[in-house]
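Take a look at the structure set out below.
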Amino acid sequence: MNNLPLISVIIPTYGRDETLQDSIVDVLNQDYANFEVLVVDQSPKHKPEIQAYLEEQAAAGKIKWFHLDWASLPGARNYGVRRCAGEIILFIDDDVKLPPGFLAAHVKNYLQNPEVGAVAGRVFDRMKLGDSGGKLEIEYLPPQAMDPGIAWYHIDLVHTIKPQQVLTARGCNMSFRREIFFKYGLKFDERFRGSAVREESDFCLRVRKTGYKIWYDPEAHLIHLGEETGGCHDISMRSLKYQLTFYHNHFLLGLKNLNVSQALRLYARLFDCHVLGRPPCHKSGSPIKIATRALFYTLGFLKALGSVIQSPWNDGQIYSRLDQQV
C-alpha cells in the first residue's frame, strides 16, 4: 500500500439520493488499496435512509462528508481539492457505476508516463450509446478534435477505443496530478454557471498550458447514468436561465482561452448547431425558435463579455471566498 500513490476521489453531489449511494458503494468496493473518498454535498435535504447511510459511512471514516449551503459544480470541485490529500485527484459524478479496476486504471497512467498530468476516462454514456445503437467504435479521433476552435464537436470519449492524447476530459470521469492545483495554482472557474457546461473544458485548456499532456485511457471507464434531475441540473434545461448560462459558458470559454481565429470558429459552430439547429444538434427549424435561440446567443455573449471585463475584481472564485479554510 505504501508504494501506491494516494488517490482522492471527489464526488460533488446535488439533489440525488439512490444514485449517490450506489456511486459511493462502487468506490468503496474498489480493489485499489490506497484511496480516500470526499463527498461534497450541496443537496438541501436527503431521504432519511440516505442521510443515515452518509452519516454511518462518515462516522466509520470511510468517507469525508461535507455539506454546503450553496450549489456550484466548479465550486464543489475546488472545495474538495482544498481538503484532499491525494497525489492524484479524481472527479466522478454522483450517478455513475464503476468496474472493480477503475481506480487502478487511472493511476497506472501516471506511473507509466511522467508527461501525463491528467487522465480522461472513457464514459459509457447511456443516452449517447442509445443514439448510436452501441455499435460505433472509433480507434483514433480526427485531427479536428485537437483544434480548440472546433474540437467540441469532434471529441468522442464514449465510442473511442484506443488510448491517445486528447484536448479535454469529461467532468464525470477525470483525474489530475496534485501539482496541477498546488504547484501551478489552477482552480475551476466558478463563473461557469447553471449546468456548468464547459467548466472542465476551460480547466483542461489551462492544464495544457503547464506542458502536461491529457491522456485518454479507455480502460479507465465507467457508466454514466445521466440522471435528468439533480447533479449539476440545478435549473431545468428548458428554462430561460439554462439557455442564458449555456451560451454564457461557451463564450466565456472562448474569451478566456482562444485566439481570435479559434474563437470565431467556435462561435460560428455554436451558432450553426445550437441556434440554427443543424446537425449534430437537430433542433427545430421554426423561425420563432431560431430567433429566440439567437436572442439568448447574443445575451450570452454580452454576459460573458461582462464576466471577462470584471475579471480584475472577480477572478471566478465566488464560492471559494465563502470558504473560511481558503
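For the sequence shown, position 212 (counting from the first letter as 1) is numbered 212 according to the UniProt record's numbering, and the numbering increases by one without interruption.
Glycine included, every Cβ here is placed at the ideal spot set by N, Cα and C.
According to the DSSP assignment, L258 belongs to no alpha helix (DSSP H), since it is labelled neither H nor E. If you compare the alpha carbons of F91, S72, S43, P44 with that of R178, the shortest gap goes to F91. Secondary structure of D217 (DSSP, three-state): strand.
Of the candidates V260, R293, L264, E137, the residue whose Cα lies closest to the Cα of P218 is E137.
Nearest in C-alpha terms to I63, of all of I288, S72, V40, is V40.
Between the alpha carbons of Q112 and N173 lies a distance of about 19 angstroms. Following the DSSP letters along the chain, one finds L186 in no alpha helix (DSSP H), marked with neither H nor E.
A residue is called buried once 16 or more other Cβ atoms fall within 10 Å of its Cβ, and S43 is buried on that count.
Three or more pairs of CB atoms, one per stretch, sit closer than 8 angstroms, so the region 178–193 contacts the region 71–80. In the DSSP assignment, P12 falls outside any alpha helix (DSSP H) and lies within the beta strand (DSSP E) extending over 7–13. Rounded to whole angstroms, the gap between the alpha carbons of F271 and T168 is 22 angstroms. Just so you know, the alpha carbons of A58 and L205 end up roughly 35 angstroms apart. DSSP places D69 in the coil class of the three-state scheme, outside both helix and strand.
Using a 10 angstroms sphere on the CB of E200, the tally of other CB atoms reaches 16 or more, which defines it as buried. In this structure, the straight-line span from the alpha carbon of N259 to that of D147 is close to 11 angstroms. Sorting T245, G149, D315, E49 by C-alpha distance to the C-alpha of R269 places G149 at the top.
As a beta-bridge residue in DSSP terms, H224 pairs with V96, D125. In this structure, I89 and F176 form a Cβ contact; the two beta carbons are roughly 5 angstroms apart against a cut-off of 8 angstroms.
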